[in-house]
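Novice:
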Amino acid sequence: MTIDNTYVQEENLDERGKIDYTKFSPVLFEFPKYTYLRTGDTIGNCLKLDK
Numbered sequence: 027m028t029i030d031n032t033y034v035q036e037e038n039l040d041e042r043g044k045i046d047y048t049k050f051s052p053v054l055f056e057f058p059k060y061t062y063l064r065t066g067d068t069i070g071n072c073l074k075l076d077k
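Numbered by the working numbering, the letters in the sequence shown go through residues 27 to 77 in order.
#1: Among the candidates I29, C72, K49, K59, whose CA atom is the shortest distance from the CA of G66?
#2: Output the boundary residues of the beta strand (DSSP E) element that contains L63.
#3: Which partner residues does I69 have in the DSSP bridge list?
#4: So, helix, strand or coil for E37, using DSSP?
#5: Using a Cβ-Cβ cut-off of 6 Å (strictly less than) and excluding sequence neighbours within five positions of Y47, which residues of its own chain qualify?
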């Protein structure tokens, strides 16, 4: 399986043209549970080098 395209409205992009997930909470579809999930909340930082 591959992802062919991703679409987002321009107001949901950051200054570099990347998706800003703090402005946009994408909806995911989980199969085989047939469930929709909302994403977007930050729950922690990964690979934080400064301690």
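Backbone N, C-alpha and C fix where the C-beta goes; we use that ideal spot for every residue, glycine too.
On a predicted model such as this, the values are computed, not experimentally measured, just so you know.
Specialist: Quick answer:
#1: Of I29, C72, K49, K59, the residue nearest in Cα terms is K49.
#2: Counting along the chain, L63 sits inside the beta strand (DSSP E) bounded by residues 61-64.
#3: Note: I69 sits in no beta bridge, so no partner.
#4: In the structure shown, E37 sits in a helix (DSSP, three-state: H, G or I).
#5: So the qualifying residues of the chain are G66.
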